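A.B. asks: Quick note, the sequences are listed as chains A and B, same order. Heads up: the first sequence begins at 1 in the numbering used here, then just goes up one per residue. Heads up: the second sequence begins at 1 in the numbering used here, then just goes up one per residue. By construction, the Cβ of each residue, glycine as well, lies at the ideal position given by its N, Cα and C atoms. It should be emphasised that the depicted structure is a prediction, and the values quoted were computed from it without experimental measurement. Before anything else, here's the structure in question.
Number of protein chains: 2
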Amino acid sequence: MSKITKWGILGCGKIANKFAEGLEVLPVAILEAVASKTEGKAENFGKIFGVKNTYNNYEELVNNPAVDVIYVATTHNFHYKNALLCLNHGKPVLCEKPITLNAKQAEQLINTARNNNLFLMEAMWTRFIPCIVKLNEFLDEGLLGEIQHVTANFGIKKELDPKVRSFNPDLGGGALLDLGIYPISFARMIYKQPPSKIKSSAYIGKTNVDEKSCYLFEYENGQTAMLSSSHRLIMPHDASIFGTKGYLEIPHFYHPTKMILKLEGRPKKTIKIPFKSTGYNYEAMEVMQCLNTGKLESKIMPLDETLEIMKTMDILRSQWHLKYPGE
Amino acid sequence: MSKITKWGILGCGKIANKFAEGLEVLPVAILEAVASKTEGKAENFGKIFGVKNTYNNYEELVNNPAVDVIYVATTHNFHYKNALLCLNHGKPVLCEKPITLNAKQAEQLINTARNNNLFLMEAMWTRFIPCIVKLNEFLDEGLLGEIQHVTANFGIKKELDPKVRSFNPDLGGGALLDLGIYPISFARMIYKQPPSKIKSSAYIGKTNVDEKSCYLFEYENGQTAMLSSSHRLIMPHDASIFGTKGYLEIPHFYHPTKMILKLEGRPKKTIKIPFKSTGYNYEAMEVMQCLNTGKLESKIMPLDETLEIMKTMDILRSQWHLKYPGE
Numbered sequence: 001m002s003k004i005t006k007w008g009i010l011g012c013g014k015i016a017n018k019f020a021e022g023l024e025v026l027p028v029a030i031l032e033a034v035a036s037k038t039e040g041k042a043e044n045f046g047k048i049f050g051v052k053n054t055y056n057n058y059e060e061l062v063n064n065p066a067v068d069v070i071y072v073a074t075t076h077n078f079h080y081k082n083a084l085l086c087l088n089h090g091k092p093v094l095c096e097k098p099i100t101l102n103a104k105q106a107e108q109l110i111n112t113a114r115n116n117n118l119f120l121m122e123a124m125w126t127r128f129i130p131c132i133v134k135l136n137e138f139l140d141e142g143l144l145g146e147i148q149h150v151t152a153n154f155g156i157k158k159e160l161d162p163k164v165r166s167f168n169p170d171l172g173g174g175a176l177l178d179l180g181i182y183p184i185s186f187a188r189m190i191y192k193q194p195p196s197k198i199k200s201s202a203y204i205g206k207t208n209v210d211e212k213s214c215y216l217f218e219y220e221n222g223q224t225a226m227l228s229s230s231h232r233l234i235m236p237h238d239a240s241i242f243g244t245k246g247y248l249e250i251p252h253f254y255h256p257t258k259m260i261l262k263l264e265g266r267p268k269k270t271i272k273i274p275f276k277s278t279g280y281n282y283e284a285m286e287v288m289q290c291l292n293t294g295k296l297e298s299k300i301m302p303l304d305e306t307l308e309i310m311k312t313m314d315i316l317r318s319q320w321h322l323k324y325p326g327e
Numbered sequence: 001m002s003k004i005t006k007w008g009i010l011g012c013g014k015i016a017n018k019f020a021e022g023l024e025v026l027p028v029a030i031l032e033a034v035a036s037k038t039e040g041k042a043e044n045f046g047k048i049f050g051v052k053n054t055y056n057n058y059e060e061l062v063n064n065p066a067v068d069v070i071y072v073a074t075t076h077n078f079h080y081k082n083a084l085l086c087l088n089h090g091k092p093v094l095c096e097k098p099i100t101l102n103a104k105q106a107e108q109l110i111n112t113a114r115n116n117n118l119f120l121m122e123a124m125w126t127r128f129i130p131c132i133v134k135l136n137e138f139l140d141e142g143l144l145g146e147i148q149h150v151t152a153n154f155g156i157k158k159e160l161d162p163k164v165r166s167f168n169p170d171l172g173g174g175a176l177l178d179l180g181i182y183p184i185s186f187a188r189m190i191y192k193q194p195p196s197k198i199k200s201s202a203y204i205g206k207t208n209v210d211e212k213s214c215y216l217f218e219y220e221n222g223q224t225a226m227l228s229s230s231h232r233l234i235m236p237h238d239a240s241i242f243g244t245k246g247y248l249e250i251p252h253f254y255h256p257t258k259m260i261l262k263l264e265g266r267p268k269k270t271i272k273i274p275f276k277s278t279g280y281n282y283e284a285m286e287v288m289q290c291l292n293t294g295k296l297e298s299k300i301m302p303l304d305e306t307l308e309i310m311k312t313m314d315i316l317r318s319q320w321h322l323k324y325p326g327e
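Here it is, written out as structure tokens:
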């Protein structure tokens, strides 16, 4: 793959920095242009990463003919609007997760991409991390036998502040969309199907968003997943997969560097699989490979699956009577 | 506490052996008599542990005036009948867990004990293990702040065999009563209240018992617990407690020797608290202390709590339409 891909980044926050750092280790990638609506932010970002085109608006970015693909790195309350702008200007899009606030928006984005023959992918970077690629190989080979149960938790403690996006319903706040997307997408990846029954519990805090939530998913054949996310609790970000032959523990499952394997009758074994740079480089590689081979979506993070995951999150929020303004 | 307590053990299976081994390290305990209906089993047991009175029936045991208290060590399908026999012959009882098959039986046992002014306790040995005693001290001191979430899993893989008690509904089979009692009793201990909402999923296997089940408990104030048990999956027997100030991980939570503490802004810290002998000695000590001070139940494993836990398990089974013969 020698073709150079010229990237644009829309939004210059924390995750955009990590992504740009990831691009630096990819010889086939050039960061062509960046845009932020915050005055001076794109310019500063450009200085750090040596980007020649820096814009204080998104229109110039999507109208730059040199840009091959745009990474939408804004917060999820803006994804729909921002990704739509890119698609409507003929740009392929890698969109931060969750792809939108709800399934309706996701469906509209997906339809727009498909109608315009444009690539679109949700930036679920976890799936492209080498350790997770290996995990999927293990499972496909039947290492754990038939998978029966999955657990995954994601908790980061933030100080409760109604002005902060995480706690602000007007900005799509709540732990489900911010963090719950990881365990939910992880379980979806393992079982290769959406849950057939969803049971849940959420603690809706003073600012009217989910500060903590737990989900019990049931699948066909009695398979289960117990998942949780919280903005108010420190939790180890660990996942476990239990099969008929043993189990795998995956510390920091959203960007793991090792797995602990326990097979029946054998001692525990640690399998180390480090990743390079920030880890965002692997999803970028997938995007470039798809673009270079004319694929409009990724087989590893397909759009129908992205839509299904959004539907699952819609169901969870409906169980908690949690709606965002305008829904 | 210098008074000698003379113990009887009803049932001479695996757990009776562990308990007898535990008694050996207690100078104030004498194993006075043991009984098993299996010909020769009590005699063999007596040889191993130096017990002078060995019976091939339970009647001689409960009629032996030298016996101060009886440990009912049969499987739970026999607990109600066996414990009732002891109580009706004026013997205080330490009864293996779960105390009975259901809340109705538990209530009858408890009423019998109370009406006869006899001591009765469910043998939830976990609560008396030094590491768990320390855990409760930590929580009472507010080490973790307000507890918000608890997880606990208990899985042991057994080969599916309809003749084996674990898979036989006629013998009270299923993972809930065998193993689920541990995570459920653990969560009850932590929250000091029963769940206000119970959501669950169970895989009922070919032999019509729960081979795997998951429970999502909700408590007042949005507290939660995610618990599971399985007879068909190898699982680490770990529990975690998440509070507003940090979390504690407890490997082998049903008889732990260490806790891993993670407080906000501090590195993880392992706290080692070993236990002596088989660990069953601690619950035996509690029983003897209660008997010597005229207490008819333990404050650490009170009868109302035992009954509540049985009610919780009844609710779970009713959600799965799992009834035992005669219920």
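(1) Can you give the Cα-Cα distance for phenylalanine 186 of chain A and methionine 226 of chain A, rounded to whole angstroms?
(2) Beta carbons nearer than 9 Å to chain A: which residues of the stretch 189 to 223 of chain B have them?
(3) What residue range does the alpha helix (DSSP H) around asparagine 221 of chain A cover?
(4) The stretch 260 to 276 of chain A: which residues have C-beta closer than 8 Å to a C-beta of chain B, in chain order?
(5) Mind listing the chain B neighbours of glutamine 319 of chain A? Cutoff is C-beta to C-beta under 8 Å, in chain order.
(6) With DSSP as the reference, please indicate the residues paired to threonine 54 of chain B in a beta bridge.
(7) CB of cysteine 12 of chain B to nearest heavy atom of the ligand NAD: below 7 Å?
(8) Hey, could you find the ends of the alpha helix (DSSP H) leucine 87 of chain B is sitting in?
(9) Between A:Asp304, A:Thr244 and A:Cys12, which lies nearest to glycine 40 of chain A when the distance is taken from Cα to Cα?
(10) Is there a C-beta anywhere in chain A that falls below 8 Å from the one on histidine 252 of chain B?
(11) Give every residue of the same chain whose Cβ lies closer than 6 Å to the Cβ of isoleucine 260 of chain A, excluding the five residues on either side of it in the sequence, and list them in chain order.
(12) Using a beta-carbon distance below 8 Å, is glycine 173 of chain A in contact with chain B?
(13) CB valine 72 of chain A to CB alanine 33 of chain A, shorter than 8 Å?
(14) Output yes or no for whether 8 Å exceeds the beta carbon distance between threonine 312 of chain B and proline 195 of chain B.
(15) Let me check one thing: in DSSP terms, what residues is threonine 270 of chain A bridge-paired to?
(16) Under DSSP, the beta strand (DSSP E) around cysteine 95 of chain B begins and ends at which residues?
(17) Does the Cβ of arginine 266 of chain B have 16 or more other Cβ atoms within 10 Å, making it buried, or fewer, making it exposed?
(18) For the stretch 291 to 303 of chain A, list every residue whose C-beta sits within 9 Å of some C-beta in chain B, in sequence order.
(19) Within the continuous alpha helix (DSSP H) that includes alanine 356 of chain A, where are the two ends?
(20) So which of A:Ser298, A:Gln319 and A:Phe19 has the shortest CA-CA distance to arginine 114 of chain A?
(21) Hey, tyrosine 282 of chain B and phenylalanine 128 of chain B: beta-carbon distance below 8 Å or not?
(22) Within the same chain, show all residues whose beta-carbon is closer than 8 Å to that of threonine 224 of chain B, passing over the 5 residues directly before and after it, in chain order.
(23) For the candidate residues B:Thr244, B:Gly50, B:Cys95 and B:Ile234, whose alpha-carbon lies nearest to that of tryptophan 125 of chain B?
(24) Taking only beta-carbon atoms, is phenylalanine 242 of chain B less than 8 Å away from chain A?
(25) Which runs of the beta strand (DSSP E), 3 residues or longer, sit entirely within the stretch 123 to 167 of chain A?
(26) What are the residues in the stretch 147 to 168 of chain B lying within 8 Å of chain A by C-beta distance?
(27) For the candidate residues B:Leu233, B:Glu211, B:Glu308 and B:Gly243, whose alpha-carbon lies nearest to that of leucine 322 of chain B?
(28) What's the C-alpha gap between tyrosine 80 of chain B and tyrosine 254 of chain B?
(29) Looking only at its chain, what residues have a beta carbon closer than 6 Å to the beta carbon of serine 36 of chain A, apart from the 5 residues adjacent to it on each side?
(30) What residue range does the alpha helix (DSSP H) around alanine 73 of chain A cover?
(31) Can you tell me where the alpha helix (DSSP H) with lysine 14 of chain A in it begins and where it stops?
(32) Residues of chain B with CB closer than 9 Å to the CB of glycine 180 of chain A, please, in chain order.
(33) How long is the line joining the alpha carbons of threonine 38 of chain A and threonine 75 of chain A, rounded to whole angstroms?
(34) Quick one: Cα of aspartate 238 of chain B to Cα of proline 274 of chain B, how far?
(35) Quick one: give me the first and last residue of the beta strand (DSSP E) that leucine 10 of chain A is part of.
(36) Whole angstroms are fine: how far does the CA of alanine 175 of chain B sit from the CA of lysine 262 of chain A?
C.D. replies: In short, the structure shows the following:
(1) 11 Å
(2) Lys197, Lys199, Ser200, Ser201, Ala202, Tyr203, Ile204, Gly205, Glu211, Lys212, Ser213, Cys214, Tyr215, Leu216, Phe217, Glu218, Asn221, Gly222 and Gln223
(3) Per DSSP, asparagine 221 of chain A belongs to no alpha helix (DSSP H) and is neither H nor E.
(4) Lys262 and Glu264
(5) Residues of chain B passing the Cβ test: none, with the nearest at roughly 10 Å.
(6) B:Val34
(7) The ligand NAD is absent from the structure shown, which contains no ligand whatsoever.
(8) 76 to 88
(9) A:Cys12
(10) no
(11) Glu249, Lys268 and Thr270
(12) no
(13) no
(14) yes
(15) A:Ile260
(16) 93 to 95
(17) exposed
(18) none
(19) Outside the shown range of chain A, which is 1 to 327, sits residue 356 of chain A, and nothing can be said about it.
(20) A:Ser298
(21) yes
(22) Gln148, His149, Val150, Leu216, Phe217 and Glu218
(23) B:Cys95
(24) yes
(25) 147 to 155
(26) Gln148, His149, Thr151, Asn153, Gly155 and Lys157
(27) B:Glu211
(28) 23 Å
(29) Cys12 and Ala42
(30) Run containing alanine 73 of chain A: none; DSSP gives neither H nor E here.
(31) 14 to 23
(32) Neighbours of glycine 180 of chain A on chain B: none; closest Cβ ~14 Å, over 9 Å.
(33) 14 Å
(34) 16 Å
(35) 5 to 10
(36) 21 Å
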